[in-house]
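K.L.:
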Amino acid sequence: MPLVLAFVVKGFGQVAGLETISIYDLVLIAVVSSLLSGVVLLAFTLVMINQSFKKGWDPDNISVPLITAAGDVITIPLLFASAIFVSMMSYPLAKALTLLLIMFSTAALVYSLGSGRMIMVRIVRQSLPVLVVSTVLATLAGIFMGMTEEMLIAFSTVLLLIPVFNAEGGNLGGILSSRLTSAYHLGMIKMGRRPEGETRTNFSCILLLSVLIFPTLGFLAYVVSKAFGMEALGFGEIIFICLVAGLFTTLLAIFVTYYFTYFFVKIGVDPDNVTIPMITSVMDVLGTASLILVTMAVVSA
Numbered sequence: 392m393p394l395v396l397a398f399v400v401k402g403f404g405q406v407a408g409l410e411t412i413s414i415y416d417l418v419l420i421a422v423v424s425s426l427l428s429g430v431v432l433l434a435f436t437l438v439m440i441n442q443s444f445k446k447g448w449d450p451d452n453i454s455v456p457l458i459t460a461a462g463d464v465i466t467i468p469l470l471f472a473s474a475i476f477v478s479m480m481s482y483p484l485a486k487a488l489t490l491l492l493i494m495f496s497t498a499a500l501v502y503s504l505g506s507g508r509m510i511m512v513r514i515v516r517q518s519l520p521v522l523v524v525s526t527v528l529a530t531l532a533g534i535f536m537g538m539t540e541e542m543l544i545a546f547s548t549v550l551l552l553i554p555v556f557n558a559e560g561g562n563l564g565g566i567l568s569s570r571l572t573s574a575y576h577l578g579m580i581k582m583g584r585r586p587e588g589e590t591r592t593n594f595s596c597i598l599l600l601s602v603l604i605f606p607t608l609g610f611l612a613y614v615v616s617k618a619f620g621m622e623a624l625g626f627g628e629i630i631f632i633c634l635v636a637g638l639f640t641t642l643l644a645i646f647v648t649y650y651f652t653y654f655f656v657k658i659g660v661d662p663d664n665v666t667i668p669m670i671t672s673v674m675d676v677l678g679t680a681s682l683i684l685v686t687m688a689v690v691s692a
């Protein structure tokens, strides 16, 4: 996936007229940061799930937000560290390493699909196309931010909000997806074109969480921006933007999560393998768009 991400970012960057580094550097940065963060996050995930069962917690309610938060904390510093490390390489070395990585990744993909291990084959076949689509969608969110760069710089509080705002939208969708998938596998609910009573109860819980979470994000963003002397909108404006954009994003997350889960169940794909990456990437796009559009409406009013 880091290889796909590098090529997608390079392609979209050129189409959008954004300045990018060489494809070889992009590939190496993506691969190095992904490998390092992947090792750390895998260990964190295993420990968290083990502790959840020991303490009697429901992993469906805590795994997605905690893993997402850990990913943000770990991945971003590692991404910058990888970029610094790669920038010190010579061009011929970067090119040679990139070609080796492409060959190795291709060989690993062919091996995993032809290994005869049904669990591995099923996970790769079901997850790979979804992860490619997720990569494209997440890149679109970044492109959209680049297109509204002037407004985001003028109102840096909004820029501060975007990563955590998107993360919370994805977290709410991820929690709902985990609960729906677990309930479906246990026979507690049926996935139909119209959600049934127990499913609608889960929807209500997610909406209630959003009413509590998003205004809190606005409050924290306002406090942080003032503390660091950043250009900020008024307190009431920030709270209003977060509440309206957050509710709209949550409604979209509920709709997308339910019907993604329903669709994958209908076509015989295990939702555990595909729904969360799809939801988080879709919410990156929808969350960014919602926050920026509501901000533009409030500023221009």
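Counting in this note's numbering, the sequence shown runs from 392 upward without gaps.
For every residue, glycine included, the Cβ atom is placed at its ideal position computed from N, Cα and C.
Note that this is a predicted model, so its numbers are computed, not measured.
Quick check: I453 and G564, are their CB atoms within less than 8 Å of each other?
P.N.:
Their beta carbons are not under 8 Å apart, which means I453 does not touch G564 by this criterion.
K.L.:
With a threshold of 16 other CB atoms inside 10 Å of the CB of L419, please say whether the residue is buried or exposed.
P.N.:
Its Cβ being crowded by 16 or more others within 10 Å, L419 is buried.
K.L.:
Where does D663 fall in DSSP's three states?
P.N.:
Note: D663 maps to helix in three-state DSSP.
K.L.:
Straight-line CA distance for V647 to G609?
P.N.:
About 24 Å.
K.L.:
Does DSSP put D675 in a helix, a strand or coil?
P.N.:
DSSP places D675 in helix when its eight states are reduced to three.
K.L.:
Ends of the alpha helix (DSSP H) at F495?
P.N.:
Its alpha helix (DSSP H) spans residues 482-505.
K.L.:
Take the Cβ of S425 as the centre, count every other Cβ of all protein chains shown within 10 Å, and call the residue buried at 16 or more, exposed below.
P.N.:
Classification of S425: buried, given that the 10 Å Cβ count is 16 or more.
K.L.:
Just tell me which of I632, G402, S595 has its CA closest to the CA of V685.
P.N.:
Comparing Cα-Cα distances from V685 to each of I632, G402, S595, the minimum goes to I632.
K.L.:
Looking only at its chain, what residues have a beta carbon closer than 6 Å to the beta carbon of G678, apart from the 5 residues adjacent to it on each side?
P.N.:
Excluding positions up to five away in sequence, the list reads F556, N557, G560, T640.
K.L.:
Can you have a look at V656 and say buried or exposed, based on whether 16 or more other CB atoms are within 10 angstroms of its CB?
P.N.:
Buried: at least 16 other Cβ atoms inside 10 Å.
K.L.:
Does the segment 468-487 touch the segment 498-516, meaning 3 or more C-beta pairs lie closer than 8 Å?
P.N.:
Short answer: they don't touch.
K.L.:
Using the Cα positions of L600 and T652, report the straight-line distance between them to the nearest angstrom.
P.N.:
When rounded, the distance between both Cα atoms is 21 Å.
K.L.:
Sort G659, S691, M674, V399 by Cα distance to T526 and report the nearest one.
P.N.:
Ranking G659, S691, M674, V399 by Cα distance to T526 puts V399 first.
K.L.:
In whole angstroms, give me the CA-to-CA distance for S547 and S496.
P.N.:
Cα-Cα distance, rounded: 39 Å.
K.L.:
With distances taken Cα to Cα, identify the nearest neighbour of P456 among N562, A612, R584.
P.N.:
Closest option to P456, Cα to Cα, is N562.
K.L.:
Closer than 7 Å by C-beta to K581: which residues in its own chain qualify, once you throw out the five before and the five after it? Chain order, please.
P.N.:
Hits under 7 Å: E587.
K.L.:
So, with DSSP's three-state summary, where would you put L577?
P.N.:
L577: coil per DSSP, three-state reduction.
K.L.:
Exposed or buried, which one is I630 when buried takes at least 16 other CB atoms within 10 Å?
P.N.:
That one is buried.
K.L.:
Would V635 and L531 be called neighbours here (beta carbons separated by less than 8 Å)?
P.N.:
Cβ distance not < 8 Å, so V635 and L531 don't count as in contact.
K.L.:
Taking its Cβ as the centre, do 16 or more other Cβ atoms sit within 10 Å of P668, making it buried, or is it exposed?
P.N.:
With 16 or more other Cβ atoms within 10 Å, it is buried.
K.L.:
Which stretch, first to last residue, makes up the alpha helix (DSSP H) that contains P606?
P.N.:
Its alpha helix (DSSP H) spans residues 588-618.
K.L.:
From L603 to Y415, what distance separates their C-alpha atoms?
P.N.:
Rounded to whole angstroms, L603 to Y415 spans 44 Å at the Cα level.
K.L.:
State the Cα-Cα distance for the pair F435 and S691, rounded to the nearest angstrom.
P.N.:
One C-alpha to the other measures close to 44 Å.
K.L.:
Whose C-alpha, out of L519, A498, T607, is nearest the C-alpha of T666?
P.N.:
Minimum Cα distance to T666 is reached at L519.
K.L.:
Following the continuous alpha helix (DSSP H) through S413, name the residue where it begins and the one where it ends.
P.N.:
No alpha helix (DSSP H) holds S413; DSSP gives it neither H nor E.
K.L.:
Beta carbon of L567, beta carbon of N593: below 8 Å?
P.N.:
Their beta carbons are under 8 Å apart, which means L567 touches N593 by this criterion.
K.L.:
Alpha carbon to alpha carbon, how far is A680 from A612?
P.N.:
Distance between the alpha carbons of A680 and A612 is about 18 Å.
K.L.:
Just to confirm the assignment, what range does the alpha helix (DSSP H) spanning G627 have?
P.N.:
Unbroken alpha helix (DSSP H) run through G627: 626-657.
K.L.:
Given F626, which residues of its chain have a CB within under 6 Å of its CB, disregarding the five upstream and five downstream residues?
P.N.:
Correct list, in chain order: Y613.
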